[in-house]
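> In terms of full-length UniProt numbering, the sequence shown opens at residue 1 and continues consecutively.
Backbone N, C-alpha and C define an ideal beta-carbon position, used for all residues, glycine too.
Quantities reported herein were computed from a predicted structural model and do not represent experimental measurements.
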Amino acid sequence: MKFLIITGVSGAGKSLVVKYLEDLGFFCIDNLPPVLIPKIAEICMQSRGKLNKIALVIDIRGGELFNALFPELNALKESGLSYEILFLEASDKVLIKRFKESRRIHPLAPEGRLMKGINQERELLKEIKRIATYVVDTSNLTPRQLKEEICNIFVEGKKFDGMIINIISFGFKYGIPIDCDLVFDVRFIPNPYYIDSMKKLTGKNDTVREYVLGFNETKGFLSKLYDMLEFLIPGYIKEGKSQLVVGIGCTGGRHRSVAISEALFAYLSGKGHRVVIEHRDIDKDGKGGK
Numbered sequence: 001m002k003f004l005i006i007t008g009v010s011g012a013g014k015s016l017v018v019k020y021l022e023d024l025g026f027f028c029i030d031n032l033p034p035v036l037i038p039k040i041a042e043i044c045m046q047s048r049g050k051l052n053k054i055a056l057v058i059d060i061r062g063g064e065l066f067n068a069l070f071p072e073l074n075a076l077k078e079s080g081l082s083y084e085i086l087f088l089e090a091s092d093k094v095l096i097k098r099f100k101e102s103r104r105i106h107p108l109a110p111e112g113r114l115m116k117g118i119n120q121e122r123e124l125l126k127e128i129k130r131i132a133t134y135v136v137d138t139s140n141l142t143p144r145q146l147k148e149e150i151c152n153i154f155v156e157g158k159k160f161d162g163m164i165i166n167i168i169s170f171g172f173k174y175g176i177p178i179d180c181d182l183v184f185d186v187r188f189i190p191n192p193y194y195i196d197s198m199k200k201l202t203g204k205n206d207t208v209r210e211y212v213l214g215f216n217e218t219k220g221f222l223s224k225l226y227d228m229l230e231f232l233i234p235g236y237i238k239e240g241k242s243q244l245v246v247g248i249g250c251t252g253g254r255h256r257s258v259a260i261s262e263a264l265f266a267y268l269s270g271k272g273h274r275v276v277i278e279h280r281d282i283d284k285d286g287k288g289g290k
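Set out below in structure tokens:
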């Protein structure tokens, strides 16, 4: 039996995950009081295999009822029923943006400041996050990417190392993404923008990609970048980092940064890392940004 507890900060995407898990054949219950966990487990065990994939969403919406979560999990463990915990996380900036866009009220800040509720919730959830089987940071994941991540974990059984690597190509003239952990400036590479046949293309085009990646400067840079990331990634994972955001920037975010980000994405994916890619500025300059 697959018995999954879904929890995490409000606004991190639990509702989306429930939809994806239902599509994968899970029987899902949202906002379940923890005291009912043993009863649900009993029903599942008596179903003779009819209910073999269960997902229960338990979070701070239950108010004081949430405090019973740890005793009930201990009771499950003592009964011999194994379970996993999926914790969904997101940055403060992203959570605030999502709440404002949805116009929803934070459960812990019905009349107060949103940030106060977020901080209070993080404090209440820090222990369950510490023992979680999976911690997925949804800050830079599109709904499609989040669905892929859920499928990777619960269908394909791919190795979960606790960290997602986000590669973001961008243009310096539009500003550096503020959530980057590492930023690399590739403006030292010759610019396809100044070649008429490539000016209106992007780094996803074969001609542009071959041009950008064909220089010795690019080959040397990528070799050193690969080595450095392979050195850093295990350390980040060991320290419990759930997300690494790598920014690759050129002038306009359309040619060089895109081609190099695609090369980095292919390399890290080929090494078995969990990687997502975003080209933030690829379409911003209608004239074919540099």
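Excluding the five sequence neighbours on either side, which residues of its own chain have a C-beta within less than 8 Å of the C-beta of serine 15, listed in chain order?
Along the sequence shown, one-based indexing puts residue 15 at 15. So the qualifying residues of the chain are Asp30.
> Let me know the secondary structure DSSP gives phenylalanine 27 once reduced to three states.
The residue you call residue 27 lines up with position 27 of the sequence shown. Note: phenylalanine 27 maps to strand in three-state DSSP.
> Could you give the distance in angstroms between the alpha-carbon of isoleucine 105 and the alpha-carbon of glycine 117?
For the purposes of this step, residue 105 is identified with residue 105 of the sequence shown, where counting begins at 1. For the purposes of this step, residue 117 is identified with residue 117 of the sequence shown, where counting begins at 1. Taking the straight line joining both Cα atoms gives about 10 Å.
> For alanine 90, name the three-state secondary structure that DSSP assigns.
Along the sequence shown, one-based indexing puts residue 90 at 90. Alanine 90 falls in the coil class under three-state DSSP.
> Can you have a look at lysine 224 and say buried or exposed, based on whether 16 or more other CB atoms are within 10 angstroms of its CB?
By one-based count along the sequence shown, residue 224 stands at place 224. Burial call: exposed.
> Any beta-carbon of chain D closer than 7 Å to the one on leucine 141?
The structure shown contains no chain D; it holds only a single protein chain.
> Quick check on residue 307: buried or exposed, where buried means 16 or more other Cβ atoms within 10 Å of its Cβ?
Residue 307 is absent from the model: the chain starts at 1 and stops at 290.
> Does DSSP put cysteine 250 in a helix, a strand or coil?
The sequence position of residue 250 within the sequence shown is 250, counting from 1. It is a strand residue.
> Taking DSSP's pairing of strands, which residues face glutamate 84 in a bridge?
Stepping through the sequence shown from its first residue, residue 84 is reached at position 84. In DSSP, glutamate 84 forms a bridge with Leu4.
> Hey, would you say phenylalanine 26 sits closer than 7 Å to lysine 53, going by beta carbons?
On the sequence shown, residue 26 is found 26 positions in, with the first residue counted as 1. On the sequence shown, residue 53 is found 53 positions in, with the first residue counted as 1. The answer is yes: Cβ separation under 7 Å.
> Quick check: is any heavy atom of the ligand GTP less than 6 Å from the C-beta of glycine 80?
No copy of the ligand GTP occurs in the structure displayed, which carries no ligand at all.
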